[in-house]
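Trainee: This structure is in structure tokens; I'll ask about it shortly.
2 protein chains.
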Amino acid sequence: MNRMPERWTVEIGEAVLGRNAEIAASNRRRFAESGLRVVSIVSSPGSGKTALLERTLSDLRDRTRIGVIVGDLETDNDARRLRGKGAPVVQITTGGYCHLEASMVARALEKLDLADLDLLFIENVGNLVCPAAFDLGEAERVVLLSVTEGEDKPLKYPTIFRNADAVIVTKMDIAEAVGLDREALHASLRQAAPQARAFELSARTGDGMGAWYGYLQGPGSVNLAKSV
Amino acid sequence: MNRMPERWTVEIGEAVLGRNAEIAASNRRRFAESGLRVVSIVSSPGSGKTALLERTLSDLRDRTRIGVIVGDLETDNDARRLRGKGAPVVQITTGGYCHLEASMVARALEKLDLADLDLLFIENVGNLVCPAAFDLGEAERVVLLSVTEGEDKPLKYPTIFRNADAVIVTKMDIAEAVGLDREALHASLRQAAPQARAFELSARTGDGMGAWYGYLQGPGSVNLAKSV
Chain F
1 MNRMPERWTV EIGEAVLGRN AEIAASNRRR FAESGLRVVS IVSSPGSGKT ALLERTLSDL
61 RDRTRIGVIV GDLETDNDAR RLRGKGAPVV QITTGGYCHL EASMVARALE KLDLADLDLL
121 FIENVGNLVC PAAFDLGEAE RVVLLSVTEG EDKPLKYPTI FRNADAVIVT KMDIAEAVGL
181 DREALHASLR QAAPQARAFE LSARTGDGMG AWYGYLQGPG SVNLAKSV
Chain G
229 MNRMPERWTV EIGEAVLGRN AEIAASNRRR FAESGLRVVS IVSSPGSGKT ALLERTLSDL
289 RDRTRIGVIV GDLETDNDAR RLRGKGAPVV QITTGGYCHL EASMVARALE KLDLADLDLL
349 FIENVGNLVC PAAFDLGEAE RVVLLSVTEG EDKPLKYPTI FRNADAVIVT KMDIAEAVGL
409 DREALHASLR QAAPQARAFE LSARTGDGMG AWYGYLQGPG SVNLAKSV
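In structure tokens:
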């Protein structure tokens, strides 16, 4: 029979998240010193993160110096897709991790000359759960949601939506074909992400991209929770 | 215009997984030195990992000295459920991580007197993707699959099933009610996990638990890929 006490808790999370927060703050200081605007992009797999970036790089390359850090579990397919658009692209392969961490971004930054950039995108691993807890040091976090994913998706993944600065509804060119209920979707967004700017666009046709570019070239949102 | 080269890859995964493999090997040596059998349990959320353990602890407590390490993103609800069954339970809360890592298990082991145990269960975070890449040092990995999850689940998550030593189909008491196609399920299992022992049981009614106990008290499988 057992003489050991019956129950203990080991709080790995707090230590890990504390360390991540320190490195994220250090990343954020580096971005601020370089006058660099850093926007992270999060979504489910297949919501169109890379397609949005492809179009954005092509359209803005003559006006804005853009860099991209892209995270995937495995393969550098996303970096390959983004290559040749005139922007430096650093691929992070995370192995078993379903999210980026601030330390991974810090390592990727070693490959970039921040003084040569105006805007840095960080494309997270395709996942609506894991990335939510990890601050990367970005100024703004953008969550993508395609019209095929269901109008109630924001309610099912409240954490990631609650912390979004902007939500982009993608693949609007097929909204009618999939029978999107726009009212229901926007009601979900008002409930789950009332703080977020909302955009609807199609990276394929280009419809709606102008508002997104206006957002990127505007003054940027001030997120007090993220300030250093 | 940008003078930086266009593309780099940062392999975080290899370094992380290499370090994890070292710690897992160290855990495995400790288990071997203590003559302790260590079985990890993985599944989607809600497949019945904790229910299986509750029943197993109750039924085997007079014959076998069992300990449990249980991982969750947050809350110690699972440890609370397992408490009072006569076994020491260590809860790991992982914060943002959707899987356990060998280092977390090593920290939890500090709370256990391995010499006082015959059998240690490690209940992983509920997830069929993230845990697949992380060896914990366990001798055997058991994947649970409830009858409500769809007969093709093993084909959709091939990595976790390919590395399973045993697969347990849970909630068999409602198999008929949900219209389980047993032939289709077993065909999926033969394809995705031909190496694994398969069990069907209901922790609620107790049907099928005997074969599971026979497995736990048998000689144990020898997994060459995992030997130190």
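Sequence lines, in order, name chains F and G. Quick note on numbering: this note's numbering labels position 149 of the first sequence as 149, and the sequence is numbered without any gaps. To convert, take the position in the second sequence, counting from 1, and add 228; that gives this note's numbering. In this text, a Cβ means the ideal position worked out from N, Cα and C, and glycines have one as well.
Report all residues from its chain with a CB closer than 7 Å to the CB of leucine 342(G); omit the five preceding and five following residues, and keep chain order.
Mentor: What you label residue 342(G) is simply residue 114 of the second sequence in a count that begins at 1. Once the five neighbours on either side are set aside, the close Cβ partners of leucine 342(G) are Arg258, Ser262, Leu264.
Trainee: Counting only runs of 3+ residues fully inside the region 118-198 of chain F, write out the beta strand (DSSP E) ranges in chain order.
Mentor: List check, beta strand (DSSP E) in window: 119-123, 140-146, 166-170.
Trainee: Starting from the beta carbon of threonine 93(F), find every residue of chain G whose beta carbon is closer than 7 Å, and list them in chain order.
Mentor: In the first sequence, residue 93(F) corresponds to position 93, counting from 1. Within chain G, the residues near threonine 93(F) are Thr237, Glu239, Ile240, Gly241.
Trainee: For valine 178(F), count neighbouring Cβ atoms within 10 angstroms of its own Cβ and tell me buried if that reaches 16, exposed if not.
Mentor: For the purposes of this step, residue 178(F) is identified with residue 178 of the first sequence, where counting begins at 1. When all chains shown are included, valine 178(F) counts as exposed.
Trainee: Compute the distance between the beta-carbons of leucine 364(G) and leucine 328(G), then report whether it is under 8 Å.
Mentor: Sequence index remark: in the second sequence, residue 364(G) carries index 136 (1-based). Sequence index remark: in the second sequence, residue 328(G) carries index 100 (1-based). Yes, the Cβ-Cβ distance between leucine 364(G) and leucine 328(G) is below 8 Å.
Trainee: Below 6 Å CB to CB, which residues in the same chain sit around proline 131(F) once its five sequence neighbours on both sides are set aside?
Mentor: Locating residue 131(F) in the first sequence gives position 131, where the first residue counts as 1. Taken in chain order, the residues that qualify are Val42, His99, Asn124.
Trainee: Are the beta-carbon atoms belonging to lysine 399(G) and serine 430(G) less than 8 Å from one another?
Mentor: In the second sequence, residue 399(G) corresponds to position 171, counting from 1. In the second sequence, residue 430(G) corresponds to position 202, counting from 1. It is a contact, given that the beta carbons lie within the stated cut-off.
Trainee: Helix, strand or coil: how does DSSP classify serine 275(G) here?
Mentor: If you number the second sequence from 1, residue 275(G) lands on position 47. It is coil, neither helix nor strand.
Trainee: Spell out a yes or no on whether the region 272-280 of chain G and the region 431-442 of chain G are touching, meaning 3 or more CB-CB pairs, one atom from each, closer than 8 Å.
Mentor: Because the criterion of three Cβ pairs below 8 Å is met, the region 272-280 of chain G and the region 431-442 of chain G touch.
Trainee: Spatial neighbours of serine 455(G) within its chain, please: C-beta separation below 6 Å, excluding the five flanking residues on both sides.
Mentor: In the second sequence, residue 455(G) corresponds to position 227, counting from 1. Interpretation of serine 455(G) is limited by its pLDDT of 33, a score under 50 that renders its predicted location unreliable; no figure is taken from the coordinates.
Trainee: Closer than 8 Å, Cβ to any Cβ of chain G: which residues of the region 93-116 of chain F, in chain order?
Mentor: Cβ contacts with chain G come from Thr93, Thr94, Gly95, Gly96, Tyr97, Cys98, His99, Met104, Arg107, Ala108, Lys111, Leu112, Asp113, Asp116.
Trainee: Let me know the secondary structure DSSP gives glycine 96(F) once reduced to three states.
Mentor: Mapped onto the first sequence, residue 96(F) falls at position 96. Looking at glycine 96(F) - three-state DSSP - the assignment turns out to be coil, as it is neither helix nor strand.
Trainee: Could you check where the beta strand (DSSP E) with serine 268(G) kicks off and where it finishes?
Mentor: One-based indexing of the second sequence puts residue 268(G) at position 40. Counting along the chain, the beta strand (DSSP E) containing serine 268(G) begins and ends at 265-270.
Trainee: Could you work out which residue in Ala198(F), Ser146(F), Leu155(F) is closest to glutamate 176(F) when comparing CA atoms only?
Mentor: Here residue 176(F) is taken as the residue at index 176 of the first sequence, counted from 1. Measuring from the Cα of glutamate 176(F), the nearest candidate turns out to be Ser146(F).
Trainee: Tell whether a beta-carbon distance below 8 Å holds between aspartate 409(G) and glutamate 377(G).
Mentor: Mapped onto the second sequence, residue 409(G) falls at position 181. Mapped onto the second sequence, residue 377(G) falls at position 149. Not a contact, by the Cβ cut-off of 8 Å.
Trainee: Tell me whether glutamate 101(F) sits in a helix, a strand or coil according to DSSP, three-state version.
Mentor: What you label residue 101(F) is simply residue 101 of the first sequence in a count that begins at 1. DSSP places glutamate 101(F) in coil when its eight states are reduced to three.
Trainee: Closer than 8 Å, CB to CB, is valine 267(G) near chain F or not?
Mentor: The residue you call residue 267(G) lines up with position 39 of the second sequence. No - not a single Cβ of chain F is within 8 Å of the one on valine 267(G).
Trainee: Classify aspartate 300(G) as helix, strand or coil using the three-state DSSP reduction.
Mentor: Your numbering for residue 300(G) matches position 72 in the second sequence. Strand at aspartate 300(G).
Trainee: What's the call for aspartate 62(F), buried or exposed, on a 16-neighbour Cβ count within 10 Å?
Mentor: The sequence position of residue 62(F) within the first sequence is 62, counting from 1. Answer is exposed; the Cβ neighbour count stays below 16.
Trainee: Report the residues of the region 348-361 of chain G with a CB closer than 9 Å to any CB of chain F, ordered along the chain.
Mentor: For the region 348-361 of chain G, which is checked against every Cβ of chain F, the residues closer than 9 Å are Asn355, Val357, Cys358, Pro359, Ala360, Ala361.
Trainee: Lysine 156(F): buried (16+ other C-beta within 10 angstroms of its C-beta) or exposed?
Mentor: As a first step, residue 156(F) is located in the first sequence; it is residue number 156 there, counting from the start. By the 10 Å Cβ count, lysine 156(F) comes out exposed.
Trainee: Looking only at its chain, what residues have a beta carbon closer than 6 Å to the beta carbon of threonine 159(F), apart from the 5 residues adjacent to it on each side?
Mentor: In the first sequence, counting from the first residue as 1, residue 159(F) sits at position 159. Cβ neighbours of threonine 159(F) beyond the five flanking positions: Ala132.
Trainee: Any idea if threonine 303(G) is buried or exposed, counting beta-carbon neighbours within 10 angstroms, 16 or more meaning buried?
Mentor: Reading the second sequence from its first residue, position 75 is the one you call residue 303(G). The residue is exposed, with fewer than 16 neighbouring Cβ atoms inside 10 Å.
Trainee: Is proline 316(G) buried or exposed, if buried means 16 or more other CB atoms sit within 10 Å of its CB?
Mentor: Position 88 of the second sequence holds residue 316(G). With 16 or more other Cβ atoms within 10 Å, it is buried.
Trainee: Using beta carbons (cut-off 8 Å, strictly below), is valine 406(G) in contact with chain F?
Mentor: Taking the second sequence and counting its residues from 1, the one referred to as residue 406(G) is at position 178. It does not; no Cβ of chain F falls within 8 Å.
Trainee: Identify whether glutamate 110(F) lies in helix, strand or coil by the three-state DSSP scheme.
Mentor: Here residue 110(F) is taken as the residue at index 110 of the first sequence, counted from 1. The answer is coil: DSSP assigns glutamate 110(F) none of H, G, I, E or B.
Trainee: Applying a beta-carbon distance threshold of less than 8 Å, which residues of chain G neighbour valine 143(F)?
Mentor: For the purposes of this step, residue 143(F) is taken as the residue at position 143 of the first sequence. Here the premise fails: no neighbours, minimum Cβ distance about 16 Å.
Trainee: Under 6 Å Cβ to Cβ from phenylalanine 134(F), same chain only, skipping five residues before and after it: list those, please.
Mentor: Taking the first residue of the first sequence as position 1, residue 134(F) is located at position 134. So the qualifying residues of the chain are Asn20, His99, Glu101.
Trainee: Can you tell me the Cα-Cα spacing of alanine 424(G) and aspartate 393(G), whole angstroms?
Mentor: If you number the second sequence from 1, residue 424(G) lands on position 196. If you number the second sequence from 1, residue 393(G) lands on position 165. Alanine 424(G) and aspartate 393(G): Cα-Cα distance of roughly 5 Å.
Trainee: Go ahead and pull the three-state DSSP assignment for glycine 246(G).
Mentor: Along the second sequence, one-based indexing puts residue 246(G) at 18. If DSSP states are grouped into helix, strand and coil, glycine 246(G) belongs with the helices.
Trainee: What does DSSP give as the partner residue(s) for glutamate 11(F) in the beta ladder?
Mentor: Position 11 of the first sequence, counted from the first residue, corresponds to residue 11(F). According to DSSP, glutamate 11(F) bridges with Thr321(G).
Trainee: Check whether the Cβ atoms of phenylalanine 121(F) and valine 169(F) lie closer than 8 Å to each other.
Mentor: The sequence position of residue 121(F) within the first sequence is 121, counting from 1. The sequence position of residue 169(F) within the first sequence is 169, counting from 1. Contact flag unset, no.
Trainee: Would you tell me roughly how many angstroms separate the C-alpha atoms of alanine 211(F) and isoleucine 12(F), rounded to the nearest one?
Mentor: If you number the first sequence from 1, residue 211(F) lands on position 211. If you number the first sequence from 1, residue 12(F) lands on position 12. So the alpha carbons of these two residues sit roughly 42 Å apart.
Trainee: Residues in its own chain within less than 8 Å of valine 39(F) by CB, not counting five upstream and five downstream?
Mentor: Position 39 of the first sequence holds residue 39(F). Same-chain partners within the cutoff: Leu119, Leu120, Phe121, Ile122, Glu138, Ala139, Glu140, Arg141, Val142, Leu216.
Trainee: So, for threonine 292(G): in the same chain, excluding its five sequence neighbours on each side, which residues have a beta-carbon less than 6 Å away from its beta-carbon?
Mentor: For the purposes of this step, residue 292(G) is identified with residue 64 of the second sequence, where counting begins at 1. Counting only Cβ-Cβ distances below 6 Å, and skipping sequence neighbours, we find Asp346, Leu347.
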